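Working notes, structure below.
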Amino acid sequence: MLKDLILKNRSYRRFYQRHAIDLDMLSYLTGLARFSPSAANLQALKFVFSNKPSSNSSIFRYLYWAAYLKDWAGPAEGERPGAYIVILGDRGITDNFGCDHCIAAQSILLGACEKGLGGCMIGSIDREGLRGELKIPDCYEILLVVALGKPKEKVVLEDLKADCGIKYWRSEDGVHHVPKRLLEDIILD
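Per the numbering used here, residue 4 is the first one in the sequence shown, and the count goes up by one each step.
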């Protein structure tokens, strides 16, 4: 069921780094993004793949992971993603990408989840550093990076409690807890 897939699709930030993700899988997932809705059907997104340890390492250093976890700089060596998909906006088509990249990323992550993988949308990026590292021409705007891999962590959803706030956190046993507002708190009468 779709709901089960959505509940399983979490922001995973620790992976079995040695689990390889081949280019066919990255193409399959990007194909899902290709079929996703696009504002005015402009289809202005472009994608860059990385699935080799050296290029993954290059991308990793330009990403900022889990801002609420102040004492955590991101996944340690051995727990890093097996692949990345960098989502770009083609300024030759439009300068306004709306939410197309978010829809595309969600399609990619749902497809990954369906295939037993997981991932995380990352918007906190040293964009100019990454642009230089990957030699991305200025005609493309770096919108998001999607980290992908075989999840190595457990993520649980829990009802938001008034005294706890919205910040996700990790328990001593390494479980990642994500508070979610109740349905009745998000629907206005």
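Where is the CB? At the ideal position from N, CA and C, for every residue including glycine. Since the structure is predicted, the reported quantities are computational estimates derived from the model, not experimental observations.
If one requires a minimum length of 4 residues, the alpha helix (DSSP H) runs lying completely within the stretch 118-152 are 130-137, in chain order. Counting along the chain, leucine 163 sits inside no alpha helix (DSSP H), nor does DSSP assign it H or E at all. The count of Cβ pairs closer than 8 Å, one atom from the stretch 57-64 and one from the stretch 109-124, stays below three, leaving the stretches out of contact.
Proximity of the stretch 68-82 to the stretch 90-105 falls short of the contact definition, fewer than three beta-carbon pairs being nearer than 8 Å. Setting aside the 5 residues that flank it on each side, proline 84 is surrounded in the same chain by Phe18, Ala150, Leu151 and Gly152, each with a C-beta closer than 6 Å to its C-beta; the list follows chain order. The continuous alpha helix (DSSP H) containing aspartate 7 extends over residues 5-11. Residue state for alanine 86 is assigned as strand, using DSSP reduced to three classes. In this chain, the beta strand (DSSP E) harbouring phenylalanine 50 covers 48-53. In chain order, Ile145 place their CB closer than 7 Å to the CB of arginine 130, counting only its own chain and leaving out the 5 sequence neighbours on each side.
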